[in-house]
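In the numbering used here, the protein residues as written are 6 to 282. A virtual CB, placed ideally from N, CA and C, is assigned to each residue, including glycine. In what follows, a single structure is set out as structure tokens and then discussed.
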Amino acid sequence: MELQGKVAVVTGAASGIGLAAAERFVAEGMSVVMADIEAPLLKEKVARLQADGAAVAAFVLDVSDAAQVAALRDFAVESYGAVHLLFNNAGVGGTGKPTWKTTPAAWEWVIGVDLLGVAYGVEAFTSLMVEQGEGHIVNTASEAGLCATPMLGAYHAAKYGVVGLSETLVMELAGTGVGVSCLCPELVDTKIFESTRNAPAHLGLPKPDHVPIEMLESFMKSKAIDPAVVAGNVVDAVRSNSFWILTHEVSHVRAQHRNESQQRGDTPSMLPLNGAK
Ligand SMILES: NC(=O)c1ccc[n+]([C@@H]2O[C@H](COP(=O)([O-])OP(=O)(O)OC[C@H]3O[C@@H](n4cnc5c(N)ncnc54)[C@H](O)[C@@H]3O)[C@@H](O)[C@H]2O)c1
Numbered sequence: 006m007e008l009q010g011k012v013a014v015v016t017g018a019a020s021g022i023g024l025a026a027a028e029r030f031v032a033e034g035m036s037v038v039m040a041d042i043e044a045p046l047l048k049e050k051v052a053r054l055q056a057d058g059a060a061v062a063a064f065v066l067d068v069s070d071a072a073q074v075a076a077l078r079d080f081a082v083e084s085y086g087a088v089h090l091l092f093n094n095a096g097v098g099g100t101g102k103p104t105w106k107t108t109p110a111a112w113e114w115v116i117g118v119d120l121l122g123v124a125y126g127v128e129a130f131t132s133l134m135v136e137q138g139e140g141h142i143v144n145t146a147s148e149a150g151l152c153a154t155p156m157l158g159a160y161h162a163a164k165y166g167v168v169g170l171s172e173t174l175v176m177e178l179a180g181t182g183v184g185v186s187c188l189c190p191e192l193v194d195t196k197i198f199e200s201t202r203n204a205p206a207h208l209g210l211p212k213p214d215h216v217p218i219e220m221l222e223s224f225m226k227s228k229a230i231d232p233a234v235v236a237g238n239v240v241d242a243v244r245s246n247s248f249w250i251l252t253h254e255v256s257h258v259r260a261q262h263r264n265e266s267q268q269r270g271d272t273p274s275m276l277p278l279n280g281a282k
């Protein structure tokens, strides 16, 4: 799909991968609805882009609420007349606990944002694109949707779900003119480890200071890639109508390791962290 003059909707657009993608879509000549739950930051980012002459609009929502996602679609159509590209990207990390100690509130939050948020986006926007005969949906999963590690049970459950949902959707949409991509990054330098900053207060989740992220911070600094690189990978995939967007070579190695060990009937074990088999 060509991007110049088209309309994109990006969720999770106030920060990280979503913000970098919105900036890149603007640079490609698109109008962009930038949607996020973090209202002050979103408005600041949108105002900055508007001051530079970009056709961007802000929409504040919680993607885990289907009615708010439907309202996002209506807002985008009212603002720009159509939607050609949906980047279903808003997401939150885990709370750093073993799966059996993950509380119902944490499950509700992670599955609600990371899996149902994507499902509601697909439900709200796909008919519109099919009727247009043109469109592309990019769902953000993760390498965590291809293979598992300890302490991220709810996150893996949600991201495996996004991969499965996306694989199903691309088959269902064959021949409609609507493409699907599934984004599976490994580490990207964003605020993902501070995700509980946006958790609803009534869930009683620990704020970022109380999540054990110190160990991860140095890891992030040494390994994480720039979100702008991921945004470039997304643009390439939309242009070429490619389904898989794996941003790190090591993800291929880990997915292969997981699939081969499954075929051998092995019990899952820690995956190679450095790409070694
Ligand atoms: N950073 C990584 O290493 C990495 C790796 C793999 C996948 N991902 C995925 O990338 C996506 C983007 O995350 P990021 O890394 O840019 O993190 P980020 O925290 O910098 O950005 C996520 C954005 O989503 C928004 N958001 C959170 N809950 C929301 C809700 N309920 N409704 C609407 N918006 C909400 C946040 O306010 C934030 O602006 C997520 O789906 C994440 O799971 C990130």
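Could you tell me which residues DSSP puts in a beta bridge with residue i?
i	result
residue 140	183
residue 188	145, 250
residue 16	40
residue 61	37
residue 230	193
What's the C-alpha gap between residue i and residue j?
i	j	result
residue 91	residue 209	31 angstroms
residue 61	residue 41	13 angstroms
residue 100	residue 123	20 angstroms
residue 96	residue 169	17 angstroms
residue 19	residue 38	11 angstroms
residue 34	residue 10	6 angstroms
residue 228	residue 162	24 angstroms
residue 246	residue 172	14 angstroms
residue 202	residue 66	15 angstroms
residue 260	residue 130	30 angstroms
residue 266	residue 16	35 angstroms
residue 174	residue 188	14 angstroms
residue 55	residue 272	53 angstroms
residue 158	residue 149	10 angstroms
residue 63	residue 84	10 angstroms
residue 77	residue 68	9 angstroms
residue 22	residue 120	17 angstroms
residue 181	residue 141	11 angstroms
residue 13	residue 235	16 angstroms
residue 193	residue 164	16 angstroms
residue 52	residue 59	9 angstroms
residue 190	residue 86	32 angstroms
residue 152	residue 160	11 angstroms
residue 36	residue 81	10 angstroms
residue 211	residue 166	25 angstroms
residue 255	residue 147	13 angstroms
residue 200	residue 231	18 angstroms
residue 280	residue 251	Annotation note: pLDDT 47 at residue 280 (below 50); position unreliable, no value reported.
residue 213	residue 196	10 angstroms
residue 118	residue 233	23 angstroms
residue 198	residue 262	26 angstroms
residue 112	residue 98	11 angstroms
Here's the rule I'm using: 16 or more other beta-carbon atoms within 10 Å means buried, otherwise exposed. How should residue i be labelled?
i	result
residue 1	A question about residue 1 goes unanswered here, because the residues of the chain that appear run from 6 up to 282.
residue 176	exposed
residue 269	exposed
residue 89	buried
residue 7	exposed
residue 207	exposed
residue 109	exposed
residue 25	buried
residue 94	buried
residue 179	exposed
residue 264	exposed
residue 155	exposed
residue 44	exposed
Does any CB atom of chain D fall closer than 8 angstroms to the CB of residue i?
i	result
residue 17	This model lacks chain D altogether; it includes just one protein chain.
Give a yes or no on contact between the stretch 45 to 56 and the stretch 73 to 80, applying the rule of three or more CB pairs nearer than 8 angstroms.
Result no; under three Cβ-Cβ pairs closer than 8 angstroms.
Decide yes or no for the touch test of the stretch 14 to 32 against the stretch 101 to 108: beta carbon pairs closer than 8 angstroms, at least 3 of them.
no
Quick one: complete beta strand (DSSP E) runs, 3+ long, within the stretch 71 to 114?
90 to 93
Three CB pairs or more closer than 8 angstroms across the stretch 240 to 259 and the stretch 126 to 136
no
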